[in-house]
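Going down the list, the protein sequences come from chains U and A.
FYI, the numbering for the first sequence is 1 to 763, going by the numbering used here.
FYI, the numbering for the second sequence is 1001 to 1158, going by the numbering used here.
Just so you know, even glycine gets a beta-carbon here, dropped at the ideal spot from N, CA and C.
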Amino acid sequence: MSEYSVVGKRIPRTDSVPRVTGEAKYSADLSLPGMLYAKVLRSPYAHAKILNIDTSKAERLPGVRAIITGKDAIPYKWGVFAYTRDMQLLPSDKVRYFGEEVAAVAAIDEDIAREALDLIQVDFEPLPWVLDAEEALLEGAPQIHQDKPGNISVRIFVDEGEVDRALEESYLVQEDRFSSPEENYCQLEPYAVLANFDSTGLDIWCPNAGPHMKARPLSNALGIPTSEVRVRKITIGGHGGGRSEVSPADFMAALLSRKARRPVKLVYTREENFNCVRQVHAATTHSRVGVDREGRITAVDMKVIMDGGAYASTGPIAASVAYIMIEEAYKFANFRYEAIRAYTNKPPRGMYPHHPRTAYGGLELQLDVLAEKLGMDPLELRIKNAVYEGYVTPTKTVITSCAEVETMIKAAEKAGWKEKRGALPPGRGIGMGVGSVISGFPMGIRGGSGAFVRFNEDGDATVISGVVDNGQGNDSMIAQIAAEELGLSVDKIKVVTADTSMTPADQGAYSQASTVMSGGAVKAAAADAKNQLLQVAAEMLEANPKDLVARDGRIYAKGSPDRFLDIAKVARTALSRDHAILGRGDRWPSADAKREWVKNPRGQVASAFSFGTAVAEVEVDRETGRVKLLNMVAAHDCGYPINPLAVEQQIQRSALEAGPEGTLLEKHAWTANGQNLNANFLDYWFPLSTDVPNIDPIIVTSNDPFGPFGAKEGGLSISVAMVGAVANAVQNAIGVTPKQLPITPEVVLRLLEEKEKQSEAKS
Amino acid sequence: MNKIPVSLNVNGREENLEIPPHKTLLEVIRDDLNLTGTKCGCEDGTCGTCTVLLDGAAVRSCLLLAAEVQGHEIVTIEGLADGERLHPVQQAIVNHGGVQCGFCTPGMILSAKALLDKQPSPTESVVRQAISGNLCRCTGYTKIVESIMALSGQPVSS
Ligand code: FES
Ligand code: FES
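Written out as structure tokens, the structure is:
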């Protein structure tokens, strides 16, 4: 008999059925009696002062019930950190990007709301604007925020060891500059909010990555207690990092509802979901990497410039992620990393699982170049530089469970690396990439998760947790964890999640924390409930509670499964003895609370670390420049798979995000006045089913000491690793380093042309 | 606004409605018939989340006016299951993990059903073609393709 009876089993996710029948309700599917429809008036300038807004004509339009502008909001600037408060959720003084919110209307139908927008008169005074991060940092560039001189939103600086000396003494040093424009999250569900503000406060339904993280800023911006902001449970159609924060849409819907005293629904168009939510940073990376004769990395020196758009968003985290991932993926003692996140007059950039792609993706390309110069197999070079349990990174994080090398070996084996590398026909290439991500970083008083477990009369249990499910299967994950701990089958577990009016606080689906924190809290609460149950059972069986186990719906003494009690019977007996079984538990990151992104980037950064290796095979068409993905293999160390099916899903999702999306296809382009040129699915190259091969997932385990049942994050390392894999496969196929991501046909053709010119010059 | 009478056959039921002539089939399905399983991801025919069956063929309901499709049989995702028994395509998607956030899923399932009704044993490349108008951000398409191939009985490439 396996150690576990529920976790580790491959089961259909418990949330699947309502999603295949159309029963699952997403925010835009909701309606309430008397509901109004909202539309938003947006800035036609990249940068302009708002001199005056005249809404009188629009107000007179029959069917209009409320109009709001920045004047209706209390003067409150929101920011993720105290030192990044730079955003009014509805601006009153000026607009900082093309498409920023200026006013909003609620009317009895959408057509009227749209018509009312045309009747609002806004006097703008256009200001000079800047659309490029490096230009924004130059002296004399237009100033985007009064109190942020030089347009520096965030600067991260780490300098550990002796980088200059180590590079000087290196056998080889590779130096390159990589660049990439911005990407979009493209959640399939366009952003939508339903808000109902009444005398008891605000009820709000919207896609989110943490209901409690929305409630706090909304309560501040509306000037009401947090307990009166009830962010409610709703099915969510994707997140990808882009729904980490409070959205102006949430605030506008709430304010309109408050003013109209009616429920208000605001549904973004696809174009708005491209422009007026978060985007992924554009960036350049200047990178120097040194190695010794044996291929050991001696030092990394990196300077990253990130285009942050108009507001800080999660800037300090976003600007740090790359270095944290790099120092956790490879061992080297000397590390300098500087990231400057600049303000520009473009939509604000947010969190992404992996960014910027130019930093770690560039490094992976450089490692392959160095391996070639050393006459080494890139796989061997990576194995040589892999981290291990107990390794301490330059910024003083101790790596805990780690099966990085195993992911390298397994991915290489499955992809036929040894047979294929160097032996493929012309135009074909195979490449490898490695990635590491953290599970759960310090977030102060908001960094932990709490849970309750309650037994019902019929022996079923209800789990109450703040965890949010954006589509990755967190609800199903906690059901499986609770079932295992309680000795019940999954269908006996009901979950109540992600509702600030009744679930305990939770850190949110950030930093891959849900499994280790929320899952850990649920496991603790279930253990508490089980212990109460075992007490009762022990009296009934005249046994010692320590000798009892709960499994398969029964409680029995270890070794004598035949003398059992049904859990349902024990739960009822407890009630008859005036004892309601109520379990509680919480979980907090075992990270260094003093570590701070900007001021103190040293100390334990997270509770667990996951690792992954991806291998991709491509074929490059020399005529068209098109890169075709032939094969994608991805091995991920998830600690322990709570549900192997769900872990495979996450690996595949990550592979899509990093490979075809991030490395080959997706980017935004802009007009000279800051308008997004491709804010639609025709012009933005979202990968289709015909663009990708089947993605082959490999689950590697390492039994993490912190995570529930040894589990940690379930697949995100591949969203890093696959960038290197695909980029290196192209590099292998064409024999030139692509320094621009994504590697579109245009980029490939230019590289081939340059290569030809160089070889002509040589001959 | 002037309204016109329109009668639609949706999921085997006759629906007699009074609607503005410019309303799309998608808007009528979602707003007037309250069948919100049909999703709206773009409104310009590029995402496939609004896919429904029109006389058995997969079409984008955001590109059709409701008034145009009178006299045709329309099936939405809500019309697939038989009571609590899922349609085989729905069941396959559940079993093989072809659903994550679920926003693409109704459209995806209807595209797959339209294909399988016409061609019960398609090859993998035919399946990939048939769902190439349905965008999915979550699955990398692999488990969706595996779900459909499980019904087709043809082999899946690795
Ligand atoms: S909503 Fe019809 S194709 Fe996107
Ligand atoms: S399952 Fe989320 S978009 Fe397909």
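Between Lys410(U) and Val700(U), the C-beta spacing is below 8 Å. Using beta-carbon distances, Val20(U) counts as an interface residue toward chain A, with a partner under 8 Å. In its chain, beyond the 5 residues on either side, Val130, Asn151, Ala342, Tyr343 and Thr344 have a beta carbon closer than 7 Å to the beta carbon of Ala136(U).
With fewer than 16 other Cβ atoms from the protein chains shown falling within 10 Å of its own Cβ, Asp566(U) counts as exposed. In terms of Cα proximity to Asn1134(A), the closest of Leu1151(A), Cys1104(A) and Arg1013(A) is Cys1104(A). Taking 8 Å as the cut-off, the beta carbon of Val300(U) is found closer than this to the beta carbon of Phe335(U).
With its beta carbon at least 8 Å from every one in chain U, Cys1050(A) lies outside the interface. By the C-beta density criterion, Arg1013(A) is exposed, having fewer than 16 other C-beta atoms within 10 angstroms.
Cα atoms of Ala107(U) and Val267(U): separation of roughly 13 Å, rounded to the nearest angstrom.
By the 16-neighbour rule on beta-carbons within 10 angstroms, Glu1068(A) is exposed. In the structure shown, Leu194(U) adopts extended strand secondary structure according to DSSP, grouped into three states. Ranked by Cα distance from Val1127(A), the options Thr690(U), Ile120(U) and Ser719(U) are led by Thr690(U). The set of residues with CB atoms less than 6 Å from any heavy atom of ligand 1 reads, in chain order, Cys1040(A), Gly1041(A), Cys1042(A), Glu1043(A), Gly1045(A), Thr1046(A), Cys1047(A), Gly1048(A), Thr1049(A), Cys1050(A), Arg1060(A) and Cys1062(A). Considering only Arg230(U), Glu101(U) and Lys265(U), the residue with the shortest C-alpha distance to Thr503(U) is Arg230(U).
With a cutoff of 8 Å on beta-carbon distance, Gly431(U) and Ala727(U) are scored as near each other. Sixteen is the threshold: when 16 or more other Cβ atoms of the shown chains lie within 10 Å of the Cβ of Ile234(U), as they do, the residue is buried. For Glu1078(A), the closest Cβ of chain U is nearer than 8 Å. For the segment 491-507 of chain U, the beta-carbon criterion of a distance under 8 Å to any beta-carbon of chain A is satisfied by none of its residues. Scanning chain U for C-beta atoms nearer than 7 Å to the C-beta of Thr1105(A) yields Arg19 and Val20, reported in chain order.
Pro211(U) has a beta carbon lying at 8 Å or more from every beta carbon in chain A.
Here the distance from the Cβ of Val1099(A) to the nearest heavy atom of ligand 2 is below 7 Å. With its beta carbon at least 8 Å from every one in chain A, Asp118(U) lies outside the interface. At least 8 Å separates the beta-carbon of Pro705(U) from that of Leu656(U). Relative to ligand 2, even the nearest heavy atom lies 7 Å or more away from the CB of Thr21(U).
Leaving aside the five residues that flank Leu534(U) on each side, the residues in its chain whose CB is nearer than 6 Å to its CB run, in chain order, Pro545 and Leu548.
Beyond the five residues adjoining it in sequence on each side, Glu271(U) comes within less than 7 Å, by CB distance, of Ala679 and Asn680 in the same chain, given in chain order. Residues of chain A with a Cβ closer than 7 Å to the Cβ of Ile695(U) are, in chain order, Gly1140 and Thr1142. Assigned with DSSP and collapsed to three states, Pro644(U) falls in helix. Of all residues in the segment 180-204 of chain U, the ones placed with a Cβ closer than 9 Å to any Cβ belonging to chain A are Tyr185, Cys186, Gln187, Leu188, Glu189 and Pro190, in chain order.
Identification of chain A residues near Ile305(U) by a Cβ-Cβ cut-off of 9 Å yields none; the smallest Cβ-Cβ distance measures about 28 Å. At a cut-off of 7 Å, the beta-carbon of Arg336(U) does not count as near ligand 2: no heavy atom of the ligand is closer than that. For Asp696(U), the enclosing beta strand (DSSP E) covers residues Ile695 to Val700.
Across the segment 646-664 of chain U, CB contacts with chain A closer than 9 Å involve Ala646, Glu648, Gln649, Gln650, Ile651, Gln652, Arg653, Ser654, Ala655, Leu656, Glu657, Gly659, Pro660 and Glu661, in sequence order along the chain.
In this structure, Phe1103(A) has its beta carbon less than 7 Å from a heavy atom of ligand 2. For Val692(U), the C-beta contacts it makes with chain A under 7 Å involve Gly1140 and Tyr1141, in order along the chain.
Within the same chain, Cβ atoms closer than 6 Å to the Cβ of Gln604(U) are found at Thr397, Ala591 and Asp592, the five residues on either side in sequence being excluded.
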